[in-house]
Structures are given as C-alpha cells and as structure tokens.
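S.K.: Attaching a single structure in structure tokens format; questions to follow.
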Amino acid sequence: MAPVAVAQNGTDHSNGYTKPQNGHATTIELPMKPNGSLDDYKYNDLTPCIGREFPTANLVDMMNAPNSNELIAELALTSMENLRLRGVVWFRKQDNLTNDLQKKLILKIGELSGRPKTSGLHVHPVLNSEGEVGEQRDPDQEISTISSKLFSKVYGRHPDSALSQKKQNADQWHSDIAFEPVPADFSSLRLTECPKTGGDTLWASGYELYDRISAPVQKFLEGLTCTFGRPDFIAAAQRGGFKLYEKPRGAAENIGGELQAIHPVVRTNPVTGWKSLYPVGQHCQFINGVTEEESNMFLSWFKRLLKDNHDLQVRFHWNDPNDIAIWDNRCTFVHDQMKRFADASGDDPQLALKLNFQNDLPSLSLSTREDTHVAY
Ligand SMILES: [Fe+2]
Numbered sequence: 001m002a003p004v005a006v007a008q009n010g011t012d013h014s015n016g017y018t019k020p021q022n023g024h025a026t027t028i029e030l031p032m033k034p035n036g037s038l039d040d041y042k043y044n045d046l047t048p049c050i051g052r053e054f055p056t057a058n059l060v061d062m063m064n065a066p067n068s069n070e071l072i073a074e075l076a077l078t079s080m081e082n083l084r085l086r087g088v089v090w091f092r093k094q095d096n097l098t099n100d101l102q103k104k105l106i107l108k109i110g111e112l113s114g115r116p117k118t119s120g121l122h123v124h125p126v127l128n129s130e131g132e133v134g135e136q137r138d139p140d141q142e143i144s145t146i147s148s149k150l151f152s153k154v155y156g157r158h159p160d161s162a163l164s165q166k167k168q169n170a171d172q173w174h175s176d177i178a179f180e181p182v183p184a185d186f187s188s189l190r191l192t193e194c195p196k197t198g199g200d201t202l203w204a205s206g207y208e209l210y211d212r213i214s215a216p217v218q219k220f221l222e223g224l225t226c227t228f229g230r231p232d233f234i235a236a237a238q239r240g241g242f243k244l245y246e247k248p249r250g251a252a253e254n255i256g257g258e259l260q261a262i263h264p265v266v267r268t269n270p271v272t273g274w275k276s277l278y279p280v281g282q283h284c285q286f287i288n289g290v291t292e293e294e295s296n297m298f299l300s301w302f303k304r305l306l307k308d309n310h311d312l313q314v315r316f317h318w319n320d321p322n323d324i325a326i327w328d329n330r331c332t333f334v335h336d337q338m339k340r341f342a343d344a345s346g347d348d349p350q351l352a353l354k355l356n357f358q359n360d361l362p363s364l365s366l367s368t369r370e371d372t373h374v375a376y
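Have a look at this one:
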C-alpha cells in the first residue's frame, strides 16, 4: 500500500498512516483570506450553506481581466460576507470556454490556492485507461469524458451476474478520486450536451456533516483513518480486457494499479482551515483499527447523515450546453445522476468533460470551523 497522509500539526496517526518523507510544501499562506473581488458579480446562493450560481459571469473574461489572479483566487475560496464557504460554484453557458481554457482555469485555481508544483491534472485510471474503452472518450488523458454509453461499456454489470440488472442511484455520493493517495481537490464538470430532461447533479457539504456531530464523537472520529479503494475498477478492467492507466495520475504518489489509499476520517481544508467529514459513500472500504461491525456502522451512519439531512445538500439543473460546475472535494460530496438518467430513458444525448486536479496529502490540523462559523 502506498504511504499516504500525515497531520499538518505533525501528529503521526496510527492505523496505517505513514508519514511522507518529503511532505508537499504549499506555495501560499493558508488558510486564504477572501479578497472580495467577486462581490460585484451577480450571484444566487441556492441554499444557506452550499452552492453559489453566477448566472451572468463569463470565466474567459475573468481569465483575461487585469485582476485575473484575484478573481480566480476568490473562486477557490468562494466566500460570502460571513466566511461560510460555498463549496461549489456554477457558471452558465460558457460557450467560449474551450477544453484547453478549462484546463488552464482549473490549474490556475490550484496554483492560486496553494497547489504544489508537483501536482497537476488527474488521469482517471479507468476512464482514461491505456486500452480502447469507448469511442466517445476525449483523446486528452487529462480530461475524463462522462457519457452513459462509455459508462455502461466500462462499468456495466457482467451479463452472467445473477443480480438484477435494474439500476438504483442511492449509492452515488462520493468525493472525487478518494482512492488515490493524493485525491482531487478541485473538480470541474462542463456539460457539452444536456439531457432532454432530468440529469441534475447534487452536492452536499462535508463541513455541515462534521458540524452536526456532537463534540465528543467528533473528537473520537478525529483519531481514525479510513481505507479507500476501488477493487471494482480493477475488476471492470479485467472484465473489459483493458489496462488501467498505471503511470503517475496527477501526482507522483498516484501510480500503479492498486487504487487504494488511507486518509483521515476528519480532514481539514487548508484553504479555509475548516474540518470536514471525509469517508462518505463510494471509494470507502473500511475504517481502520476497529471491528468490521463498527466500521460498517460508521460508514453507513455517515452516509445516512448525508442522505437524511437534505438541508446540507444542493441540487443543480443543467440548463444549457457549457454550463459548468467547479467544486472543492475536500469539503463537498457529489452525486451525479446524469449518466444514470440516460440509462433509464434509453437516451444518450448528454456528454460532459470533467477535470480533476490533485493538490496535497489530506490531513487533519488543529484549526476549526467554529472560529468563523456563523449559525443560520
Ligand atoms: Fe466523481
């Protein structure tokens, strides 16, 4: 197993944590402070705690503006007047945003929010495998193509399976690429074709999940780590006869075909200094150092907390091609219904391009959200 994470405060966690020999050095002072440069743009906050839509702003104009760095740095923080992080932002109809500009933008957000020079865009080990997995795939390995045709070809259930072929979507919540030692920080998803109806995407706030747990239990959870992994990806590759992408995937630590990593159960987002619950949904295998029953109990309880607390979720409808979402995986979970809807309808009109970039090893530090959190 690859070495993974260590707390920023120097605490060497047990249960599989291995302190990296050469920890990544951040390039800016963290946590970041808001600079207010986005305050004059029209926006809609879709819920009290997560999500902000900029209905008229143009990202390419922002990239070309004289204060471009300020605007893009503010996107990383996406703060509002009371410092409550929004976690996910959306921009509408970004028709002049090319693939290359989208790559440039997401890398710039990383650079301005402390991305180490050693980290870059992720290459998905399955969707961008080194074999032929789908004719719809974008040839750029740093762009993951999301399409129902591609997904059913890559992840489709084995026809000999005795299980029902019916689809259920309850288990789609996840934080992107948590199976990598250096998982995704920011992700961006741009729909190049929209479904005729449905296909919404949901996000949920990890800060809120953590904040709704009692203080004694929070403290207990902070001492735990979780093993993340995707053995089903490995099985899908074997079944489909294609080879996983085993070269470095956005960071030197993300290499090989094991697709497994250990991360803290509670992690601190260095951009804000706030804590978030991390092991929720897909990618989570087990909590380390506890019994199997206890691990199952915690993981299913985390998921239930997310599902039952609808007020920490936000649902976004894709209106037009080139609507784009940008979110921070260190404090949000995403549920992507788009491809599932297409399966149910038998239609396949939608196509999306997704970019993830890596930043640093997940860690737990001493700072808390309570210092800045304003109750609502
Ligand atoms: Fe994802």
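Just so you know, the UniProt record's numbering puts 231 at position 231 of the sequence shown, and the rest follows in order with no gaps. Cβ coordinates follow ideal geometry from the N, Cα and C atoms, glycine included. For clarity, every value in this text was computed on a predicted model and none was experimentally measured.
Quick check: residue 335 and residue 202, are their CB atoms within less than 8 angstroms of each other?
M.R.: For the purposes of this step, residue 335 is taken as residue 335 along the sequence shown, with counting starting at 1. For the purposes of this step, residue 202 is taken as residue 202 along the sequence shown, with counting starting at 1. Closer than 8 angstroms, so yes.
S.K.: For residue 280 and residue 302, I'd like the C-alpha separation in whole angstroms.
M.R.: In the sequence shown, counting from the first residue as 1, residue 280 sits at position 280. In the sequence shown, counting from the first residue as 1, residue 302 sits at position 302. Straight-line Cα distance between these residues: approximately 6 angstroms.
S.K.: Alpha carbon to alpha carbon, how far is residue 231 from residue 176?
M.R.: Residue 231 sits at position 231 when you count from the first residue of the sequence shown. Residue 176 sits at position 176 when you count from the first residue of the sequence shown. C-alpha separation (whole angstroms): 16 angstroms.
S.K.: To the nearest angstrom, report how far apart residue 377 and residue 246 are at their CA atoms.
M.R.: Limits of the chain in this structure are 1 at one end and 376 at the other, which puts residue 377 out of reach.
S.K.: For a quick check, are the C-beta atoms of residue 103 and residue 74 less than 8 angstroms apart?
M.R.: For the purposes of this step, residue 103 is identified with residue 103 of the sequence shown, where counting begins at 1. For the purposes of this step, residue 74 is identified with residue 74 of the sequence shown, where counting begins at 1. Not in contact: residue 103 and residue 74 (Cβ atoms no closer than 8 angstroms).
S.K.: Could you pull the start and end residues of the beta strand (DSSP E) that residue 52 belongs to?
M.R.: Reading the sequence shown from its first residue, position 52 is the one you call residue 52. Residue 52 -> beta strand (DSSP E) spans 52 to 54.
S.K.: Could you give the DSSP three-state label for residue 139: helix, strand or coil?
M.R.: On the sequence shown, position 139 is the one that residue 139 refers to. Coil.
S.K.: For residue 274, list the residues DSSP reports as bridge partners.
M.R.: Counted from its first residue, the sequence shown places residue 274 at position 274. Residue 274 is bridged to 269.
S.K.: Going by alpha carbons, who is nearest to residue 112 out of 56, 32 and 320?
M.R.: In the sequence shown, the residue the question calls residue 112 occupies position 112. Nearest neighbour of residue 112 by Cα position, chosen from 56, 32 and 320, turns out to be 32.
S.K.: Look at the alpha carbon of residue 110 and the alpha carbon of residue 162, and state the distance between them as a whole number of angstroms.
M.R.: One-based indexing of the sequence shown puts residue 110 at position 110. One-based indexing of the sequence shown puts residue 162 at position 162. Distance between the alpha carbons of residue 110 and residue 162: 45 angstroms.
S.K.: Could you tell me whether any non-hydrogen atom of ligand 1 is closer than 7 angstroms to the CB of residue 280?
M.R.: The residue you call residue 280 lines up with position 280 of the sequence shown. For ligand 1, not one heavy atom lies less than 7 angstroms from the Cβ of residue 280.
S.K.: Closer than 7 angstroms: is that where the CB of residue 88 sits relative to any heavy atom of ligand 1?
M.R.: Taking the first residue of the sequence shown as position 1, residue 88 is located at position 88. Incorrect: residue 88 has no Cβ contact closer than 7 angstroms to ligand 1.
S.K.: Rounded to a whole number of angstroms, what is the C-alpha to C-alpha distance between residue 298 and residue 146?
M.R.: In the sequence shown, the residue the question calls residue 298 occupies position 298. In the sequence shown, the residue the question calls residue 146 occupies position 146. C-alpha separation (whole angstroms): 31 angstroms.
S.K.: Taking residue 228 and residue 284 to be in contact with their CB atoms under 8 angstroms, please state how far apart those CB atoms are, rounded to whole angstroms.
M.R.: Your numbering for residue 228 matches position 228 in the sequence shown. Your numbering for residue 284 matches position 284 in the sequence shown. About 6 angstroms; that satisfies the 8 angstroms criterion.
S.K.: Classify residue 214: buried if its beta carbon has 16 or more other beta carbons within 10 angstroms, exposed otherwise.
M.R.: Counted from its first residue, the sequence shown places residue 214 at position 214. Exposed.
S.K.: Which one or two residues does DSSP pair with residue 229 in a beta bridge?
M.R.: Locating residue 229 in the sequence shown gives position 229, where the first residue counts as 1. The partner list for residue 229 (beta bridge, DSSP) reads 260.
S.K.: Beta carbon of residue 334: closer than 7 angstroms to some heavy atom of ligand 1?
M.R.: As a working mapping, residue 334 is identified with position 334 in the sequence shown. Yes; taking the cut-off as 7 angstroms, the Cβ of residue 334 has a heavy atom of ligand 1 nearer than that.
S.K.: Would you check whether ligand 1 has a heavy atom nearer than 7 angstroms to the C-beta of residue 171?
M.R.: Within the sequence shown, the letter at position 171 stands for residue 171. No, ligand 1 has no heavy atom inside 7 angstroms of this Cβ.
S.K.: Between which two residues does the alpha helix (DSSP H) carrying residue 336 extend?
M.R.: If you number the sequence shown from 1, residue 336 lands on position 336. Where residue 336 is concerned, there is no enclosing alpha helix (DSSP H), although the beta strand (DSSP E) it sits in stretches over 332 to 336.
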